[in-house]
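Residue numbers (the UniProt record's numbering), protein chains in the order written: chain B, 1 to 267; chain R, 1 to 267; chain W, 1 to 267; chain F, 1 to 267. Read through the structure below, which is laid out as structure tokens, and then see the notes.
Protein chains: 4
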Amino acid sequence: MANSRFEYVRGFERHDALLPLCWIVVRVDGKGFHRFADAHAFEKPNDARALRVMNDAALAVLEAFPDAVLGFGESDEYSFVLKKDTTLYGRREAKIVSVITSLFTASYVMAWPRHFGDAPLLSAPVFDGRAVAYPSDAVLRDYLAWRQADTHINNQYNTVFWALVDKGGETPAKAQAMIKGSDTAWKNETLFERFGINYAHLPAMYRKGSVVLRRTEEVVVKVDAATGQEVRRKRATPVVCHDDIIGDEFYRLHPELGIEADGKRRR
Amino acid sequence: MANSRFEYVRGFERHDALLPLCWIVVRVDGKGFHRFADAHAFEKPNDARALRVMNDAALAVLEAFPDAVLGFGESDEYSFVLKKDTTLYGRREAKIVSVITSLFTASYVMAWPRHFGDAPLLSAPVFDGRAVAYPSDAVLRDYLAWRQADTHINNQYNTVFWALVDKGGETPAKAQAMIKGSDTAWKNETLFERFGINYAHLPAMYRKGSVVLRRTEEVVVKVDAATGQEVRRKRATPVVCHDDIIGDEFYRLHPELGIEADGKRRR
Amino acid sequence: MANSRFEYVRGFERHDALLPLCWIVVRVDGKGFHRFADAHAFEKPNDARALRVMNDAALAVLEAFPDAVLGFGESDEYSFVLKKDTTLYGRREAKIVSVITSLFTASYVMAWPRHFGDAPLLSAPVFDGRAVAYPSDAVLRDYLAWRQADTHINNQYNTVFWALVDKGGETPAKAQAMIKGSDTAWKNETLFERFGINYAHLPAMYRKGSVVLRRTEEVVVKVDAATGQEVRRKRATPVVCHDDIIGDEFYRLHPELGIEADGKRRR
Amino acid sequence: MANSRFEYVRGFERHDALLPLCWIVVRVDGKGFHRFADAHAFEKPNDARALRVMNDAALAVLEAFPDAVLGFGESDEYSFVLKKDTTLYGRREAKIVSVITSLFTASYVMAWPRHFGDAPLLSAPVFDGRAVAYPSDAVLRDYLAWRQADTHINNQYNTVFWALVDKGGETPAKAQAMIKGSDTAWKNETLFERFGINYAHLPAMYRKGSVVLRRTEEVVVKVDAATGQEVRRKRATPVVCHDDIIGDEFYRLHPELGIEADGKRRR
Ligand SMILES: Nc1nc2c(ncn2[C@H]2C[C@H](O)[C@@H](COP(=O)(O)OP(=O)(O)OP(=O)(O)O)O2)c(=O)[nH]1
Ligand SMILES: Nc1nc2c(ncn2[C@H]2C[C@H](O)[C@@H](COP(=O)(O)OP(=O)(O)OP(=O)(O)O)O2)c(=O)[nH]1
Ligand SMILES: Nc1nc2c(ncn2[C@H]2C[C@H](O)[C@@H](COP(=O)(O)OP(=O)(O)OP(=O)(O)O)O2)c(=O)[nH]1
Ligand SMILES: Nc1nc2c(ncn2[C@H]2C[C@H](O)[C@@H](COP(=O)(O)OP(=O)(O)OP(=O)(O)O)O2)c(=O)[nH]1
Ligand SMILES: O=P(O)(O)OP(=O)(O)OP(=O)(O)O
Ligand SMILES: O=P(O)(O)OP(=O)(O)OP(=O)(O)O
Ligand SMILES: O=P(O)(O)OP(=O)(O)OP(=O)(O)O
Ligand SMILES: O=P(O)(O)OP(=O)(O)OP(=O)(O)O
Ligand SMILES: [Mg+2]
Ligand SMILES: [Mg+2]
Ligand SMILES: [Mg+2]
Ligand SMILES: [Mg+2]
Ligand SMILES: [Mg+2]
Ligand SMILES: [Mg+2]
Ligand SMILES: [Mg+2]
Ligand SMILES: [Mg+2]
Ligand SMILES: [Mg+2]
Ligand SMILES: [Mg+2]
Ligand SMILES: [Mg+2]
Ligand SMILES: [Mg+2]
Chain B
1 MANSRFEYVR GFERHDALLP LCWIVVRVDG KGFHRFADAH AFEKPNDARA
51 LRVMNDAALA VLEAFPDAVL GFGESDEYSF VLKKDTTLYG RREAKIVSVI
101 TSLFTASYVM AWPRHFGDAP LLSAPVFDGR AVAYPSDAVL RDYLAWRQAD
151 THINNQYNTV FWALVDKGGE TPAKAQAMIK GSDTAWKNET LFERFGINYA
201 HLPAMYRKGS VVLRRTEEVV VKVDAATGQE VRRKRATPVV CHDDIIGDEF
251 YRLHPELGIE ADGKRRR
Chain R
1 MANSRFEYVR GFERHDALLP LCWIVVRVDG KGFHRFADAH AFEKPNDARA
51 LRVMNDAALA VLEAFPDAVL GFGESDEYSF VLKKDTTLYG RREAKIVSVI
101 TSLFTASYVM AWPRHFGDAP LLSAPVFDGR AVAYPSDAVL RDYLAWRQAD
151 THINNQYNTV FWALVDKGGE TPAKAQAMIK GSDTAWKNET LFERFGINYA
201 HLPAMYRKGS VVLRRTEEVV VKVDAATGQE VRRKRATPVV CHDDIIGDEF
251 YRLHPELGIE ADGKRRR
Chain W
1 MANSRFEYVR GFERHDALLP LCWIVVRVDG KGFHRFADAH AFEKPNDARA
51 LRVMNDAALA VLEAFPDAVL GFGESDEYSF VLKKDTTLYG RREAKIVSVI
101 TSLFTASYVM AWPRHFGDAP LLSAPVFDGR AVAYPSDAVL RDYLAWRQAD
151 THINNQYNTV FWALVDKGGE TPAKAQAMIK GSDTAWKNET LFERFGINYA
201 HLPAMYRKGS VVLRRTEEVV VKVDAATGQE VRRKRATPVV CHDDIIGDEF
251 YRLHPELGIE ADGKRRR
Chain F
1 MANSRFEYVR GFERHDALLP LCWIVVRVDG KGFHRFADAH AFEKPNDARA
51 LRVMNDAALA VLEAFPDAVL GFGESDEYSF VLKKDTTLYG RREAKIVSVI
101 TSLFTASYVM AWPRHFGDAP LLSAPVFDGR AVAYPSDAVL RDYLAWRQAD
151 THINNQYNTV FWALVDKGGE TPAKAQAMIK GSDTAWKNET LFERFGINYA
201 HLPAMYRKGS VVLRRTEEVV VKVDAATGQE VRRKRATPVV CHDDIIGDEF
251 YRLHPELGIE ADGKRRR
């Protein structure tokens with residue numbers, strides 16, 4: 001990209017390396033997905049197809065970036081955790097944010113027909129992205145807890161709201177007024193008594209969001225033609241689950257993440 | 001996005017507003033397009049279909065962002081100029097970069113079948129993005145000149161190289177050695193004498209790259225049913241052209257861009 | 001500063017170059033000078049000695065940094081303008097801010113006895129510093145106008161306030177109430193009618209603040225011993241004045257500053 | 001600082017908060033102290049008076065900023081550690097750097113006569129300053145180790161160099177050549193055999209640099225007039241020592257610093 005007398009303009013680019021040895025979280029969030037969801041007739045409050053498109057896009061991020069060790073998604077957003085010692089793009093913020101957001105976006109569009117069949121994309125799904133550096137395991141875990149707690153709060157609210165409106169025949173305004181200030185117990189009771197919905201039995205994907213991480217499995221990579229013996233190798237494959245990522249358990253089960261599991265030791 | 005005791009993690013996000021009253025240039029560039037071009041059998045040195053996909057994606061950016069007044073594209077990259085007084089996303093760098101890169105990416109994928117027909121996308125096209133602030137019209141014009149001069153240099157090189165290899169039967173190494181250190185005159189002569197190619201007659205899109213900007217046209221918005229009279233209104237529509245953006249002429253013809261046209265007065 | 005295995009910690013320093021080709025303004029401001037002024041019994045509302053200490057410190061900045069072309073001071077603050085193409089410390093923000101603030105501070109302490117005689121410094125005078133990049137002459141001039149207009153507003157207020165309190169025998173609360181919401185005319189009349197003070201005749205240093213810049217003078221650098229002839233050379237010496245820096249006039253008289261003088265052409 | 005139409009220029013100031021929950025290290029370093037040392041005839045390789053002026057200035061920083069828990073100084077530099085949860089100036093980088101550098105500078109000038117007696121300051125001592133965020137105790141300790149290891153390396157080099165030159169009558173060039181590539185053992189032997197200097201017996205201030213921190217002591221705050229009983233209270237007073245800050249010991253003895261002492265647990 002060299003051509004003499006104009007090239008000085010490169011000097012206006014900012015160096016923007018994220019602080020070394022911090023966890024890097026990249027969060028993407030759909031732009032104007034309220035409208036996008038309406039335009040594509042997403043089911044309310046949760047559209048399983050839409051969430052699966054998100055999950056596919058997230059898996060593509062883990063496939064492409066070995067340093068992305070974990071992802072968490074809900075609604076129109078996904079967060080990706082990059083290893084704290086990653087040197088991806090020299091930790092340059094704009095590079096990391098733009099490339100992950102771009103890959104997520106392309107993968108979303110390409111995954112769409114897999115889950116929406118013939119229903120066409122009517123407008124471009126667009127995501128904003130940001131990167132945040134977190135200096136310790138404790139703060140990283142609080143970040144993840146923040147997002148998953150948010151999933152719970154929103155989903156419980158939305159589930160009651162749409163039950164009241166769609167099944168209970170309440171106006172949206174009335175439904176909102178009823179929920180306002182109510183506690184978890186009331187919400188669960190209302191769902192159960194009035195609509196026969198056991199909140200705890202709703203799909204984990206709605207209640208807990210989605211987690212992407214690598215599962216290491218022994219896979220058959222080839223079969224020896226002569227002996228018929230299988231050659232097996234360990235392979236780390238990105239998968240989706242809906243585990244709790246607030247408590248210690250998850251981190252104890254996944255020491256490979258390198259995230260402190262002992263809630264008492266973290267600060 | 002509120003939930004009490006974890007929410008403090010938001011405080012780790014950086015404020016990243018770009019300096020006010022500077023032109024903002026967002027440049028996206030294909031990630032590993034060398035491989036992507038090969039995988040999708042792009043024609044060499046220029047694949048008109050691929051360039052048109054890029055141009056469609058660029059038009060989508062201008063459609064979506066009124067403050068994006070100009071774009072310039074070549075090869076796997078596109079630069080967008082945002083008005084110097086834009087307040088888009090409070091001029092937050094990560095927002096601007098990620099959203100434009102994401103929209104560009106989604107539009108690229110969606111435009112693909114329009115130009116490549118049945119040839120499927122075999123992998124996700126991914127773009128990096130960056131934003132740079134330029135404090136004056138003079139520097140902005142030097143930026144644009146930098147990119148268009150680059151187009152010329154690369155295209156001339158590539159055109160000769162692939163003529164020597166594909167038509168001249170030279171090995172790539174030999175071709176490279178022949179071109180190395182040669183001047184423009186030698187390149188033009190070689191193309192003309194040996195391969196009958198008049199460089200100046202090659203498509204402007206290859207030689208000059210592509211410019212996207214708004215053209216204001218009077219369009220018929222409706223026809224009065226009773227009187228049969230047409231109601232016309234001015235509409236600014238994004239279009240592609242291949243004009244020279246190095247000299248003053250272009251800026252004189254497009255005062256609406258607000259970019260100083262007088263080369264002598266700038267700086 | 002090299003020693004092997006610990007040295008990686010340098011990598012945590014941030015690159016912080018200010019945008020090229022922008023004017024850089026460094027403003028220092030006394031920390032807690034309300035208290036500092038009281039402790040050292042500064043005269044109210046203006047202490048000429050204190051202002052002269054500030055001016056001496058500012059002259060030291062211009063002596064040390066040829067790229068500092070202009071300074072403006074009032075109260076406990078001083079702003080310095082660095083040429084827009086300065087490459088001082090690679091335009092690194094922390095370096096520029098810290099070194100100028102440090103030099104200003106050291107010079108303040110060293111200048112103190114020159115103006116305060118035997119009255120000792122009872123505590124360390126401390127200044128904060130900041131650097132701001134301004135992309136055009138127009139905005140730079142607005143910055144300078146901002147500070148000088150502030151000087152006028154504050155000085156007029158303070159002059160009336162202390163006249164009412166010290167000479168008029170009003171309580172501070174009463175004085176404040178009287179001034180609140182009053183216009184310039186009322187303030188001038190009050191000063192004149194009640195206290196015989198013609199605001200326009202107060203020292204320019206109080207009304208306009210202080211400007212430091214270089215004056216180019218022909219100076220005798222030596223006298224030829226044999227012929228007795230003087231050898232004269234142009235020398236640019238930092239000086240203090242109290243000119244208006246809001247209007248065009250000042251910039252017309254000082255083309256060497258490289259700041260557009262024509263108010264109409266700017267922006 | 002309000003005055004209407006010019007005030008928009010404030011909007012060009014950058015927000016520059018340092019990442020939360022990271023240790024902040026502010027390092028100041030004398031500008032051109034090679035020349036400053038020569039001009040003021042500092043003793044070589046160490047001038048105890050000069051180092052004590054530095055230490056006094058460092059104590060002033062600890063006096064003024066409770067969140068500055070530790071300082072380390074050598075030669076013309078001092079590093080200050082701010083608590084990782086400090087909210088000083090909203091963690092704004094320019095404020096923190098400039099104010100600490102300014103206070104250090106003012107204190108240096110004011111401390112000068114205490115240690116240099118009548119020898120006047122011939123020029124302004126100027127310091128640059130910078131702030132760096134360190135995300136973990138481990139990296140912070142490596143930072144401190146980096147500086148103290150540097151002290152040792154430089155001091156050993158300089159001690160041998162000046163012994164060879166001043167006492168050994170070698171030319172500077174010859175001395176340099178002799179030391180080049182030599183190891184610690186050779187340096188110690190040379191000092192001992194040729195000059196009778198036992199390196200380990202040199203003042204700790206030269207070998208280890210200086211550490212400033214708070215010592216909590218019970219002090220008599222008043223004596224009851226009636227009973228004659230002393231009223232004692234704990235007071236944390238900044239003091240200077242020359243302890244090793246590379247090993248674990250120091251941090252074990254100073255749990256109040258909140259820096260992990262167990263070398264094995266840090267990462
Ligand atoms: N019906 C339906 N809507 C969904 C689903 N997932 C997400 N959405 C919609 C509803 C929410 O209004 C929106 C996500 O909220 P956001 O706060 O991200 O708002 P939005 O994307 O509209 O604006 P933004 O550009 O992010 O500021 O996406 C779903 O599964 N079903
Ligand atoms: N055959 C062919 N290749 C093209 C065309 N346009 C772009 N390319 C390919 C060839 C270049 O190697 C590549 C663009 O160069 P870059 O410097 O952006 O490299 P690349 O994208 O491979 O790496 P990067 O990720 O940007 O560092 O894209 C085209 O029209 N035809
Ligand atoms: N009596 C007197 N006081 C002055 C003079 N010049 C400045 N001061 C004092 C009065 C003001 O309260 C103070 C400057 O106002 P600032 O807004 O800078 O406040 P201050 O320095 O107290 O706080 P800061 O640390 O800057 O936030 O300095 C003077 O000539 N005479
Ligand atoms: N004679 C003598 N010189 C000292 C003493 N402490 C510091 N210096 C001088 C010698 C070193 O050249 C200088 C510190 O080295 P620096 O790398 O900071 O260089 P300097 O301050 O000259 O340049 P700079 O502006 O920091 O890049 O200070 C001392 O105790 N005695
Ligand atoms: O052509 P560019 O600007 O992308 O140049 P590069 O050499 O690819 O550098 P970068 O790492 O900034 O993309
Ligand atoms: O949910 P977020 O973090 O996107 O919150 P927001 O209120 O949309 O704010 P932003 O402007 O940072 O996207
Ligand atoms: O010793 P330092 O960190 O000051 O190192 P330097 O080589 O002087 O570099 P800088 O320009 O960062 O002061
Ligand atoms: O007068 P300023 O610019 O110092 O204004 P301030 O209100 O003191 O704010 P700051 O915290 O930026 O010094
Ligand atoms: Mg948002
Ligand atoms: Mg959204
Ligand atoms: Mg959302
Ligand atoms: Mg690149
Ligand atoms: Mg590319
Ligand atoms: Mg490219
Ligand atoms: Mg202030
Ligand atoms: Mg002040
Ligand atoms: Mg002030
Ligand atoms: Mg240095
Ligand atoms: Mg130095
Ligand atoms: Mg030094």
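Glycine is no exception: its CB is placed at the ideal position from the N, C-alpha and C atoms.
- Residue pairing by DSSP puts threonine 216 of chain W in a beta bridge opposite W:Ala236.
- Ligand 9 approaches aspartate 29 of chain B closely enough that one of its heavy atoms is under 6 Å from the residue's Cβ.
- Lysine 264 of chain W carries a coil assignment under DSSP once its states are collapsed to helix, strand and coil.
- The Cβ atoms of phenylalanine 116 of chain W and arginine 10 of chain W lie no closer than 7 Å to each other.
- Secondary structure of glycine 71 of chain R (DSSP, three-state): strand.
- Taken atom to atom, the span from the alpha-carbon of alanine 119 of chain F to that of histidine 40 of chain F is near 8 Å.
- Ranking B:Arg14, B:Asn46, B:Phe36 by CA distance to the CA of asparagine 158 of chain B puts B:Asn46 first.
- Going by C-alpha positions, alanine 177 of chain B is about 43 Å away from valine 99 of chain B.
- With contacts defined as CB atoms closer than 7 Å, aspartate 67 of chain W and lysine 84 of chain W fail to qualify as a contacting pair.
- The count of Cβ pairs closer than 8 Å, one atom from the region 154–170 of chain F and one from the region 20–29 of chain W, stays below three, leaving the stretches out of contact.
- At a C-beta separation below 7 Å, threonine 101 of chain W has these neighbours in chain F: Ser98, Thr101, Ser102.
- Between ligand 20 and the CB of serine 75 of chain F, the shortest heavy atom gap is smaller than 6 Å.
- The beta carbon of proline 20 of chain F falls within 7 Å of a beta carbon belonging to chain R, placing the residue at that interface.
- Distance from the Cα of aspartate 244 of chain B is smallest, within the candidate group B:Pro20, B:Asp142, B:Asp56, for B:Asp142.
- Its chain contains Lys84, Ala133, Tyr134, Pro135 as the residues whose beta carbon lies nearer than 8 Å to that of cysteine 22 of chain W, once the 5 sequence neighbours on both sides are disregarded; these appear in chain order.
- Uninterrupted alpha helix (DSSP H) stretches at least 4 residues long and entirely within the UniProt domain "tRNAHis guanylyltransferase catalytic" (6–135) of chain B occur at 33–39, 48–64, 93–116, given in chain order.
- Distances from the CA of arginine 233 of chain W to each of W:Val240, W:Val220, W:Thr227 were compared; the closest alpha carbon is that of W:Val220.
- For glutamate 230 of chain R, the three-state secondary structure derived from DSSP is strand.
- For serine 4 of chain B, the secondary structure class from DSSP, reduced to helix, strand or coil, is helix.
- As DSSP reads the structure, lysine 222 of chain B sits in a beta bridge with B:Val231.
- The C-alpha of glutamate 189 of chain R lies about 32 Å from the C-alpha of valine 212 of chain R.
- For alanine 145 of chain R, same chain residues with a beta-carbon under 8 Å away, outside a window of 5 residues either side, are Ile245, Ile246 in chain order.
- When beta bridges are read from the DSSP output, valine 211 of chain F appears opposite F:Phe72, F:Cys241.
- The beta carbon of alanine 133 of chain R sits closer than 7 Å to some beta carbon of chain W.
- For glutamate 218 of chain B, not one C-beta of chain R is nearer than 7 Å to its own C-beta.
- A buried status is given to serine 102 of chain R, since no fewer than 16 other beta-carbon atoms sit within 10 Å of its beta-carbon.
- Lysine 222 of chain R is classed as exposed because its beta carbon has fewer than 16 other beta carbons within 10 Å across all chains shown.
- Ranking R:Ala124, R:Asp150, R:Gly196, R:Glu193 by CA distance to the CA of leucine 59 of chain B puts R:Ala124 first.
- Against chain B, the CB of arginine 130 of chain R has a partner CB under 7 Å away; the residue lies at that interface.
- Residues of chain F whose Cβ lies closer than 9 Å to the Cβ of aspartate 137 of chain W do not exist, since the nearest Cβ in that chain is about 13 Å away.
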